[in-house]
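Heads up, the thing below is written out as structure tokens.
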Amino acid sequence: MKQWYYLLLFAVFLGAPLHAQTINGRFVTSAYGWERQDVEGNATSHLRAYENVQLNFGTSDFSFHTNLQGSTDFSSEMHDDPRLRLFNAYARAKNLFSMIDVKVGRHAVFAGVNYGTIDGATVQARPTDGVEVMLYGGGLTPPTRSMDFFNNMNENWQIGAQVLLFLVQNTRIGLSYMNRHRESTPFYAWRPDAQMDMIPTLIDYGSRANQYGSLNIAHSAGRMWLYGRYDYDFNYERTSRAELAATWQATPELGLSMNVAHREPVLAWNSYFALLEASANQEVSVGVDYRLHPRVTLLGRFSSVMYDDENAFRASLGAANKYASVMYTKDVSYDGELDGFNLQFTYPLMQGMLTPHIGAMFSSYALAENLDKASTWVGVAGASVRPLKTLSIDVQGQYMTNKIYQSDIRAFARVNYWFASTLGGGD
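Number 429 marks the last residue of the sequence shown (our numbering); no jumps.
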């Protein structure tokens, strides 16, 4: 399997003409540091650094893409440091025979009910006007994003398809199917034998499986947008998700939105969690946006989640403009309640070269009816600097205090550099 995979990857890339090649990419250097108190009241410090590299090489029709990340913690030793993660590495051929696009390698696939990253191939075809078809399949990428391709392929694989129809004006109809299997991690546990003596026993649930089909329809007409979705779980033989949503711009100043959804727990077949009792929930939410002034918009949202024996609701109210926003949120559910306030402000200076931002958050919450309320304060300050079109620098600091952490200080810094170059003279 690996030999055929690399051969196909190489064949797609060799299809690129050797003239007028372009190379572009991005380097992102970042560091994340934090200091906090542990359960014994002692302060601990951490500093983790990251380097992200994205490189794209080829032409508009044939190209090769990579995205990887290296990281390590300079302040404490971790058993798996330094870490190297390969997010994608694939060859792409576009517009073959004026109708087919192909990706071969490690790449993300978002196709209706499917999501995730595979080590395999994706083929998209446009057989006729208004019809798009996608087929994909391959091994599952390891959760650690290591370079271990096709590890135990019999237990770690995914296939699927999607059909998009644009046959009705302003309407998109999507049909999708996904079948995913990932091996579970065996473990030992004490179990009784035939004589009822407790002995260590290997527990292996086998492959965890998810198999879904989905239908979704989106339609826009003037100031109205409508959306519907239905997902079916083939393994559990039940509806997994059903959703209806709509937005309506009633007047130039007034916008309304609505969403109604039914959701079953997303549980893999043969997983440990499938043994536990779980129930579905229903959610209804409505929203309103009102432009009080050309520069000020009022926002309101209300949602209610209904379980078998309990209900929960969230309400939020606020105002926003181009540079600032203020929001109040109220959450009430079976596991407690919360009142939260959020303030954000940003303003570009020096023709956008410097953009400082500040934020403050306060929340008062109780984790159960019989517990006293606790509170959390959070302050955020930072800035984005862009001296060149190809270079940006971001810094941000955060301070938080609550009953658990007397002080939690975090800092983040990032440098982005973009580049692009053309190789070869072309025709």
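For each residue, glycine too, the CB sits at the ideal point set by N, CA and C. Computed from a prediction, not measured in an experiment: that's the story for all the values here.
Alpha carbon to alpha carbon, what distance is there between residue j and residue i?
| i | j | result |
| --- | --- | --- |
| Gly-338 | Gly-354 | 43 Å |
| Ala-280 | Gln-23 | 54 Å |
| Arg-174 | Ser-186 | 37 Å |
| Gly-141 | Gln-171 | 38 Å |
| Leu-301 | Arg-316 | 14 Å |
| Asn-404 | Thr-68 | 42 Å |
| Asn-218 | Asp-75 | 44 Å |
| Pro-188 | Ile-395 | 45 Å |
| Ala-91 | Ala-270 | 28 Å |
| Asn-156 | Ala-385 | 49 Å |
| Ile-102 | Gly-139 | 16 Å |
| Gln-408 | Thr-392 | 40 Å |
| Leu-88 | Asn-54 | 10 Å |
| Pro-129 | Leu-177 | 16 Å |
| Glu-371 | Ser-365 | 17 Å |
| Phe-66 | Leu-137 | 20 Å |
| Ala-113 | Leu-373 | 45 Å |
| Asn-418 | Thr-357 | 15 Å |
| Glu-266 | Asn-283 | 7 Å |
| Asp-310 | Phe-59 | 54 Å |
Is residue i buried or exposed, if buried means 16 or more other CB atoms sit within 10 Å of its CB?
| i | result |
| --- | --- |
| Phe-151 | buried |
| Tyr-190 | exposed |
| Gln-160 | buried |
| Ile-120 | buried |
| Gly-224 | exposed |
| Gln-197 | exposed |
| Tyr-117 | exposed |
| Gln-164 | buried |
| Arg-94 | buried |
| Ser-377 | exposed |
| Tyr-511 | Residue 511 lies beyond the residue range present for the chain, which begins at 3 and ends at 429; the question has no answer from this structure. |
| Arg-193 | exposed |
| Lys-324 | exposed |
| Lys-375 | exposed |
| Val-106 | buried |
| Glu-233 | Checking the sequence shown, residue 233 turns out to be Asp, not Glu. So Asp-233 ends up on the buried side. |
| His-109 | buried |
Residue i: which of the options sits nearest, CA to CA?
| i | options | result |
| --- | --- | --- |
| Ile-411 | Lys-405, Val-417, Tyr-401, Val-307 | Tyr-401 |
| Thr-46 | Trp-36, Asn-54, Pro-202 | Trp-36 |
| Val-268 | Ser-386, Pro-296, Gly-114, Asn-237 | Asn-237 |
| Gly-399 | Tyr-92, Ala-383, Leu-177, Gln-408 | Ala-383 |
| Asn-44 | Ala-415, Ala-413, Ser-423, Ile-406 | Ile-406 |
| Pro-145 | Arg-85, Val-106, Phe-168, Arg-94 | Arg-85 |
| Ala-2 | Val-417, Val-111, Ser-327, Arg-297 | Since the displayed the chain opens at 3 and closes at 429, residue 2 lies outside it and no answer follows. |
| Thr-241 | Leu-228, Thr-253, Ser-259, His-264 | His-264 |
| Ser-222 | Asp-235, Thr-249, Asp-233 | Thr-249 |
| Met-226 | Arg-210, Tyr-232, Pro-254 | Pro-254 |
| Gly-257 | Gly-289, Leu-369, Lys-105 | Gly-289 |
| Phe-168 | Ser-365, Glu-266, Ala-220, Glu-371 | Ala-220 |
| Ser-62 | Leu-98, Ala-33, Arg-87, Ser-78 | Leu-98 |
| Ser-78 | Tyr-232, Thr-357, Leu-49 | Leu-49 |
| Arg-184 | Tyr-367, Val-334, Glu-239, Asn-153 | Asn-153 |
| Tyr-292 | Ala-282, Asn-283, Arg-303 | Arg-303 |
| Arg-210 | Arg-182, Gly-320, Gly-230, Ala-370 | Arg-182 |
| Val-298 | Pro-129, Ala-322, Arg-147, Asn-313 | Ala-322 |
| Ala-415 | Val-387, Ser-327, Thr-348, Arg-147 | Val-387 |
| Glu-285 | Val-328, Met-363, Met-308, Ser-335 | Met-308 |
| Tyr-52 | Glu-266, Leu-228, Phe-29, Glu-371 | Phe-29 |
| Ser-318 | Phe-343, Tyr-349, Tyr-214, His-295 | Phe-343 |
| Asp-341 | Thr-203, Trp-379, Val-125 | Trp-379 |
| Tyr-330 | Gln-126, Met-363, Gly-72 | Met-363 |
What did DSSP end up calling residue i once you bin it into helix, strand or coil?
| i | result |
| --- | --- |
| Phe-421 | strand |
| Phe-112 | coil |
| Phe-151 | coil |
| Ala-211 | strand |
| Phe-304 | strand |
| Ala-282 | coil |
| Phe-76 | coil |
| Lys-275 | First, the residue type needs correcting, since residue 275 is Phe and not Lys in the sequence shown. Residue state, collapsed to three classes: helix. |
| Tyr-309 | coil |
| Gly-257 | strand |
| Arg-85 | strand |
| Tyr-349 | coil |
| Ala-370 | coil |
| Glu-157 | coil |
Would you list the residues sitting across from residue i in a DSSP beta bridge?
| i | result |
| --- | --- |
| Leu-98 | Ile-102 |
| Met-329 | Gly-320, Asn-344 |
| Met-200 | Pro-194 |
| Ser-216 | Ser-178, Asp-233 |
| Asp-410 | Met-402 |
| Glu-37 | Ser-47, Ile-411 |
| Thr-24 | Gly-60, Thr-424 |
| Gln-164 | Met-136, Ser-178 |
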